[in-house]
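The end of the sequence shown is residue 351 by numbering that gives the first Met the number 0, with every number in the run present. Have a look at the structure below before the remarks.
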Amino acid sequence: MTLFAELGLRYPIIQAPMAGVQDSALALAVTRAGALGSLPAAMLSLATLREELTRLAASGGAFNINFFCHRQEAPDPAAQARWLQRLAPYYDEYGVRDAAGTAAPSRAPFNAEHAAMVAEFKPAVVSFHFGLPESELLARVKASGAKVLASATTVAEARWLADHGADAIIAQGLEAGGHRGHFLEDDLSLQQGTFSLLPQIVEAVRLPVIAAGGIVDGAGIRAALALGACAVQMGTAFLCCHEATTSALHRAALHSSTGQHTALTNLFSGRPARGIVNRLMRELGPLSEDVPAFPYASGALAPLRSAAEQRGDTGCSPLWAGQNVSGCRDWPAAELISRWVKEAGLAEVVPI
């Protein structure tokens, strides 16, 4: 039996987990349409995560919970001070006075409490970004019966994940929006586009491989499957659908003439992530050495972002998006999936 048949899914489509622009409503809509809905958990409190998992579990369908696996460093006061100094002119411009609490981390790595939640709710799939958790925690996930997916941005990472317990590999191409999943090397010159990376990973590992990055329609799905992918993971194309919580300002940016201009930036979190180029990225440079380690950069930006957005200004906001925003439509998620299925000529029995 194939991976997706085991999960009871009709189509080889995974909705990418997208922190800050979705909740369980999008995951539920995608799962009900026959694909795999995902919930990003890294930015959720344990109480909120429990609420969201309760809603998902009540549906009776398969769903994916996504966690980060970064190593949480202690905040560096000197780095934080440099970052605040760099942002001082923007604080003055937007009238931001209170920088209290700006060192607080905004994203938690997978931990024992998360593992206990997985054991309780038993999601069909648990996916990880930035590698895999330590072996004891991973064993607890597997004991719950969940299939383990993890992102690889290089062939070396795919091999590492295959050797350390992943059940399937997400080949994340350079086109993908949001955070890069790299974890073995920080050198961005090692990163490749989806349709270059995908066949190399398919050749390198004996696991199902999922293509992610730049896929926004049925033609992209068809091409990925032809190159050996068992499925695709799509995020940007869901950003404007009805069930997403993407802000009106972010949606407008996606539909604007500048929406296609994206770049990798570390300004908003401390790790490279792809988003639409805005004022902060242009003026500070998309990749800056002044930024504190992940995930502490976002704390200092939070009050600045809020003040700017109150003026209708996205110049200080993370506008996560992949390189191809042409698939963003203001439709229900089910209609998007139905369109892609027809365009790709997919049958309900997934030939993985």
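Glycine included, C-beta positions come from ideal geometry on N, C-alpha and C.
Does the Cβ-Cβ distance between V125 and A61 come in under 8 Å?
For this step, residue 125 is matched to residue 126 along the sequence shown. For this step, residue 61 is matched to residue 62 along the sequence shown. Contact flag unset, no.
Hey, M17 and G213: beta-carbon distance below 8 Å or not?
In the sequence shown, the residue the question calls residue 17 occupies position 18. In the sequence shown, the residue the question calls residue 213 occupies position 214. Result no, Cβ atoms of M17 and G213 do not sit closer than 8 Å.
Over the uninterrupted beta strand (DSSP E) stretch that includes G230, give me the two end residues.
Here residue 230 corresponds to residue number 231 of the sequence shown, with the count starting at 1. Rather than Gly, the amino acid found at residue 230 in this sequence is Ala. From DSSP, the beta strand (DSSP E) with A230 extends over A230 to M233.
Mind checking which residues open and close the alpha helix (DSSP H) that includes F3?
Taking the first residue of the sequence shown as position 1, residue 3 is located at position 4. Residues L2 to E5.
Beta strand (DSSP E) runs contained entirely in the region 124-197, provided each spans 3 or more residues:
Fully enclosed beta strand (DSSP E) runs of no fewer than 3 residues occupy 124-128, 146-151 and 167-171 of the region 124-197, in order along the chain.
State buried or exposed for L52, treating a residue as buried only when at least 16 other CB atoms are found within 10 Å of its CB.
For this step, residue 52 is matched to residue 53 along the sequence shown. Answer is buried; the Cβ neighbour count reaches 16.
Give the single residue among E342, A332 and G180 whose Cα lies nearest to the Cα of I13.
The residue you call residue 13 lines up with position 14 of the sequence shown. The option with the nearest alpha carbon to I13 is A332.
Could you tell me if A46 is buried or exposed, where buried requires 16 or more neighbouring beta carbons within 10 angstroms of its beta carbon?
Locating residue 46 in the sequence shown gives position 47, where the first residue counts as 1. Exposed, since its Cβ has fewer than 16 Cβ neighbours within 10 Å.
Using DSSP with H/G/I as helix, E/B as strand and the rest coil, what is R221?
Translated into the one-based positions of the sequence shown, residue 221 becomes position 222. Residue state, collapsed to three classes: helix.
Just tell me which of L196, Q79 and R139 has its CA closest to the CA of A118.
Numbered from 1 along the sequence shown, position 119 holds the residue referred to as residue 118. It is R139.
Comparing alpha-carbon positions, which option in P11, G7, V20 and F3 lies nearest W319?
Your numbering for residue 319 matches position 320 in the sequence shown. Looking at the Cα atoms, V20 is the closest of the given residues.
What does V208 pair with, by DSSP beta-bridge criteria?
On the sequence shown, position 209 is the one that residue 208 refers to. According to DSSP, which records beta bridges pairwise, V208 is partnered with I168.
My understanding is that L256 touches P294, with C-beta atoms under 8 Å, so please give their C-beta distance in whole angstroms.
Counted from its first residue, the sequence shown places residue 256 at position 257. Counted from its first residue, the sequence shown places residue 294 at position 295. The question names Leu, but residue 256 in the sequence shown is Ser. The C-beta distance from S256 to P294 rounds to 31 Å, too long to fall under 8 Å, and the pair is not in contact.
For T30, three-class secondary structure by DSSP
Looking up residue 30 in the sequence shown gives position 31. Of the three classes helix, strand and coil, the one that applies to T30 here is helix, per DSSP.
Taking only the alpha-carbon atoms, compute the straight-line gap between E288 and L187 and give it to the nearest angstrom.
As a position in the sequence shown, residue 288 is number 289, starting the count at 1. As a position in the sequence shown, residue 187 is number 188, starting the count at 1. Computed Cα separation, rounded: 15 Å.
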